[in-house]
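Here is the structure we will look at, set down as structure tokens.
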Amino acid sequence: MKRLDFKRGVKIRWKIITSCTMFGLRESLAYTLDNWGGLLSMATYMITYLIFLGVLFGRVNLIAGYNHSEMLFFTLITQINFYMTYVFSLISIERMGDSVNTGTLDLWLVKPVPALWYVTFQRIKLGDLLFSAFPATIPLLIMLFPRWSGFQMNWVGIVSGILLIIIGQVIIHCFQFMMSLTAFFTGEAKNARNMSLELSIFGDTIPFEGYPNFVKAIGLTAIPFMVHTALAVSFFLGKSTNYFMLVYAFGLMVVFLWGKIVLWKFALRHYSSASS
Amino acid sequence: MRFATYIKTAALGFCSVANYRTEVWFQVAQRLLILSGIILLWSVIGTAGTGQTYTQLIAYFLVANGVRDLIDAQFGKFGSSMVDDIKAGKISAYLLQPTRTVIFMYFKHLGTRGVTIVFYLIYIVVGIVLAPPTSLIACLLFFVVVATGLVICLAQCTMVGCLAFWITDAKATKNVVNHFTRVLSGSLIPLTFFPVAYQVPVMLSPFASYAYLPATLLQAEKVDSFLFLQVGVSICWAIGLLLISRLIWRKGVRQYEAVGL
């Protein structure tokens, strides 16, 4: 019986993810002009950031031990992480905050689906990833391509880096989600969400080796901005080889996932509907 | 009477935001975080290429970011609020009022920024304390440039916002302008870092008035002819862009009337 319940639980969760993804894709395709606008915006960001890096490396040779090519690779991972956060996490969190503010959450809570799962994955904008994010990254990939052979990479480092990106993404999602739960107590979470995003990407400008130890300590514990980009790139490029960090990051992910569930239940107990 | 209406509108905007006090603090903390990120980045890069001491560099970024945010040039949120009002049709009600619509909308938006404006003034004051200005003329020119920066930003936001009359949602265009502003204003990287061939065009662009020029003026020991030229160009940009934005606004409103009313 319990096994049957488990299978049913997995099935309904998979159904929620696929349905929300398909709806998000249809939504993206419906607004063609919006897609072009998004692509233009992302491409401009990429180009201006590359100009910034170019100008900077016109005056300095290394930033925290990273040369221009390595910083371009760092930027690539930063972009991948940002798009992943935006597509898989941020939009759903934004909708959750708004739903508390407007009272729409009532409707979601009465649906016969796991509420936390539904709130987490209610809108996955895969269209933005395919039609805006990927094309906007092409200028960076073109710049990186001839420099690729200069990187000191090995398979263990690459696998570790990929694992750290995935773990880091889960951690920052939980962190952003928990901060956005302030909507349940204050009625609005727009700036709390923006703040959580800024905190999450705080480690996306400087390589891991450039931070003072106390910032590293904060970024690997309470405010987890180090794992998904800074630490991951350090492993990719073979600058870090302490594989204990992988186990630690996994443990941190479990703690943040647990924290997310506990705080969600706590917030729900304090939810006073705006629509009733 | 009309000006009193604008002040009341700003007060109303302030009250609507002040209801969510926690949110205001989150916004302040967010800006503080962005600034600390820039300072941290420059502490890693070092000051060797800038010809400044570390204190001067921090003062530069405090003033540059303070002025940029004070005049709303970081995100150009007035442009967003204008796009939203046009898109949602709220502008119909504003057009019927016996006020100047753009100024009315600007004051409404200004009120929502009340608390954060105080915070940006603190940025500038701390910057001045860290590296006190030495030239009185430069200080006076600083106020002129902040005023021209404000007008340029208002004109830029109006032009971007007016695009909503034609393409309904102009937020992507606003973001494109913001990305250029971020790098070309000098709030992320001093414009002196640019290659020599590009320095003059970048310093004479309207974006320089948002951050680089005010911050440089406060740190200038004497005002040379090039600084005077930059201030003069900034005034020209302000007047020119304001006129263009008025033209676009009028054309946009005519377009809106033809379709909406």
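Line by line, the protein sequences give chains R and P. Here the first sequence stands for residues 2 to 277, where the numbers follow my numbering. Here the second sequence stands for residues -17 to 243, where the numbers follow my numbering. Virtual Cβ for every residue (Gly too), placed ideally from N, Cα, C.
Three or more C-beta pairs below 8 Å linking the segment 122 to 131 of chain P and the segment 57 to 68 of chain P
no
Hey, is Gly158 (chain R)'s beta-carbon within less than 7 Å of any beta-carbon in chain P?
In the first sequence, the residue the question calls residue 158 (chain R) occupies position 157. False, the Cβ-Cβ gap to chain P never drops below 7 Å.
Spatial neighbours of Tyr84 (chain R) in its chain, beta-carbon cut-off 7 Å, leaving aside the 5 residues before and after:
The residue given as residue 84 (chain R) occupies position 83 in the first sequence. Excluding residues within five positions, the ones whose Cβ falls inside 7 Å are Leu130, Ala134.
Figure out for me which residue from R:Thr103, R:Arg124, R:Ile64, R:Ile78 has the closest Cα to the Cα of Ser90 (chain R).
Walking along the first sequence from the start, residue 90 (chain R) turns up at place 89. When only C-alpha atoms are compared, the closest one is R:Arg124.
Determine, using beta carbons only, whether Leu15 (chain P) and Asn47 (chain P) come nearer to each other than 7 Å.
For the purposes of this step, residue 15 (chain P) is taken as the residue at position 33 of the second sequence. For the purposes of this step, residue 47 (chain P) is taken as the residue at position 65 of the second sequence. No, the pair does not count as a contact, with Cβ atoms beyond the cut-off.
Counting contacts by CB-CB distance shorter than 7 Å, is Gln237 (chain P) in contact with chain R?
Residue numbering aside, residue 237 (chain P) sits at position 255 when the second sequence is read from its first letter. It does not; no Cβ of chain R falls within 7 Å.
Just checking: is the beta-carbon of His271 (chain R) within a distance shorter than 7 Å of some beta-carbon in chain P?
Walking along the first sequence from the start, residue 271 (chain R) turns up at place 270. With 7 Å as the cut-off, His271 (chain R) does not count as an interface residue toward chain P.
Is DSSP giving Tyr87 (chain R) helix, strand or coil here?
Looking up residue 87 (chain R) in the first sequence gives position 86. Helix, per DSSP.
Can you tell me which of the three DSSP states Ile64 (chain R) falls into?
As a first step, residue 64 (chain R) is located in the first sequence; it is residue number 63 there, counting from the start. Here Ile64 (chain R) sits in strand by DSSP.
Element boundaries [alpha helix (DSSP H), containing Thr242 (chain R)]:
To locate residue 242 (chain R), count along the first sequence from 1; it is residue 241. Looking at the DSSP string, Thr242 (chain R) is not in any alpha helix (DSSP H), and its letter there is neither H nor E.
On the premise that Leu141 (chain R) lies in contact with Leu77 (chain R), defined as a C-beta separation below 8 Å, what is that separation, rounded to the nearest angstrom?
Taking the first sequence and counting its residues from 1, the one referred to as residue 77 (chain R) is at position 76. Taking the first sequence and counting its residues from 1, the one referred to as residue 141 (chain R) is at position 140. About 6 Å separates the two Cβ atoms, so the contact holds.
Return the residue from the list P:Phe189, P:Val178, P:Thr155, P:Val182 that minimises the CA-CA distance to Gly168 (chain P).
To locate residue 168 (chain P), count along the second sequence from 1; it is residue 186. If we check each option's Cα against that of Gly168 (chain P), P:Phe189 comes out closest.
Just list the alpha helix (DSSP H) runs in the segment 23 to 64 of chain P, keeping only unbroken ones of 4 residues or longer that don't cross its boundaries, in chain order.
36 to 52
If Leu199 (chain P) and Leu211 (chain P) are in contact, beta carbons under 8 Å, what's the gap, nearest whole angstrom?
Start at 1 with the first residue of the second sequence, and residue 199 (chain P) comes out as number 217. Start at 1 with the first residue of the second sequence, and residue 211 (chain P) comes out as number 229. About 13 Å separates the two Cβ atoms, so there is no contact after all.
Buried or exposed, going by whether 16 or more other CB atoms sit within 10 Å of the CB of Val111 (chain P)?
For the purposes of this step, residue 111 (chain P) is taken as residue 129 along the second sequence, with counting starting at 1. Classification for Val111 (chain P): exposed.
C-beta contact flag for Tyr238 (chain P) and Arg50 (chain P) at 7 Å:
One-based indexing of the second sequence puts residue 238 (chain P) at position 256. One-based indexing of the second sequence puts residue 50 (chain P) at position 68. No, Cβ-Cβ distance for Tyr238 (chain P) and Arg50 (chain P) is not below 7 Å.
Going along the chain, which residues of its own chain have a beta-carbon closer than 7 Å to the beta-carbon of Ala231 (chain R), five neighbours each way excluded?
Walking along the first sequence from the start, residue 231 (chain R) turns up at place 230. These residues qualify, in order along the chain: Gly204, Pro208, Phe209.
Does any C-beta atom of chain P lie closer than 7 Å to the C-beta of Phe75 (chain R)?
To locate residue 75 (chain R), count along the first sequence from 1; it is residue 74. Taking Cβ atoms only, chain P never reaches closer than 7 Å to Phe75 (chain R), which makes this a no.
With Asp99 (chain R) as the anchor, note down where its alpha helix (DSSP H) starts and where it stops.
Taking the first residue of the first sequence as 1, we reach residue 99 (chain R) at position 98. 92 to 103 is the extent of the alpha helix (DSSP H) around Asp99 (chain R).
First and last residue of the uninterrupted alpha helix (DSSP H) at Lys112 (chain R)
For the purposes of this step, residue 112 (chain R) is identified with residue 111 of the first sequence, where counting begins at 1. Premise fails: Lys112 (chain R) is in no alpha helix (DSSP H) and is neither H nor E.
Simplified DSSP state of Ser1 (chain R), which is helix, strand or coil:
For chain R, the structure presents residues 2 to 277; residue 1 (chain R) sits outside this window and is missing.
As assigned by DSSP and simplified to three states, the class of Ala(-14) (chain P):
Residue -14 (chain P) sits at position 4 when you count from the first residue of the second sequence. Ala(-14) (chain P) falls in the helix class under three-state DSSP.
Contacting positions in the segment -2 to 21 of chain P - beta carbon closer than 7 Å to chain R
Tyr2, Thr4, Glu5, Phe8, Gln9, Ala11, Gln12, Leu15, Ile16, Gly19
Does Gln181 (chain P) pass the burial test, meaning 16 or more other C-beta atoms within 10 Å, or should it be called exposed?
Taking the first residue of the second sequence as 1, we reach residue 181 (chain P) at position 199. With fewer than 16 other Cβ atoms within 10 Å, it is exposed.
Pull out every residue of the segment 43 to 65 of chain R whose Cβ sits closer than 7 Å to any Cβ of chain P, in chain order.
Thr45, Tyr46, Thr49, Ile52, Phe53, Val56, Leu57, Gly59, Arg60, Val61, Ile64, Ala65
With a threshold of 7 Å between beta-carbons, can Leu23 (chain P) be considered close to chain R, or not?
Your numbering for residue 23 (chain P) matches position 41 in the second sequence. Cβ-Cβ to chain R under 7 Å: yes for Leu23 (chain P).
Closer than 7 Å, Cβ to any Cβ of chain P: which residues of the segment 92 to 110 of chain R, in chain order?
none
Anything in chain R within Cβ reach of Phe175 (chain P), meaning under 8 Å, just list it in chain order.
As a working mapping, residue 175 (chain P) is identified with position 193 in the second sequence. Those are Val56, Leu57, Gly59, Arg60, listed as they occur along chain R.
Under 7 Å between the Cβ atoms of His271 (chain R) and Phe185 (chain R)?
As a working note, residue 271 (chain R) is residue 270 in the first sequence. As a working note, residue 185 (chain R) is residue 184 in the first sequence. Cβ atoms of His271 (chain R) and Phe185 (chain R): closer than 7 Å.
Contact criterion: CB-CB distance below 7 Å. Does Ala154 (chain P) meet it with respect to chain R?
On the second sequence, residue 154 (chain P) is found 172 positions in, with the first residue counted as 1. Interface residue, yes.
Measure the CB-CB distance between Leu166 (chain P) and Val184 (chain P) and report whether it falls below 7 Å.
Counted from its first residue, the second sequence places residue 166 (chain P) at position 184. Counted from its first residue, the second sequence places residue 184 (chain P) at position 202. Closer than 7 Å, so yes.
What did DSSP end up calling Val171 (chain R) once you bin it into helix, strand or coil?
One-based indexing of the first sequence puts residue 171 (chain R) at position 170. In this structure, Val171 (chain R) counts as helix in the three-state DSSP scheme.
Taking the alpha carbon of Asn160 (chain P) as the reference point, which residue from P:Cys139, P:Ile217, P:Leu186, P:Val107 has its own alpha carbon closest?
Position 178 of the second sequence, counting from 1, holds the residue named residue 160 (chain P). Looking at the Cα atoms, P:Cys139 is the closest of the given residues.
Name the chain R residues that come within less than 7 Å of Ile68 (chain P), Cβ to Cβ?
Start at 1 with the first residue of the second sequence, and residue 68 (chain P) comes out as number 86. By Cβ distance, chain R contributes nothing, its closest Cβ being about 16 Å from Ile68 (chain P), past 7 Å.
Pairwise C-alpha distance: Lys3 (chain R) and Arg9 (chain R):
Here residue 9 (chain R) is taken as the residue at index 8 of the first sequence, counted from 1. Here residue 3 (chain R) is taken as the residue at index 2 of the first sequence, counted from 1. Each residue's alpha carbon lies about 10 Å from the other.
Nearest-angstrom Cα distance between Gly242 (chain P) and Arg232 (chain P)?
Along the second sequence, one-based indexing puts residue 242 (chain P) at 260. Along the second sequence, one-based indexing puts residue 232 (chain P) at 250. Unreliable positioning characterises Gly242 (chain P) in this predicted model, as indicated by a pLDDT of 48, which lies under 50. The coordinate reading is nonetheless provided below. Roughly 15 Å separates the two Cα atoms.
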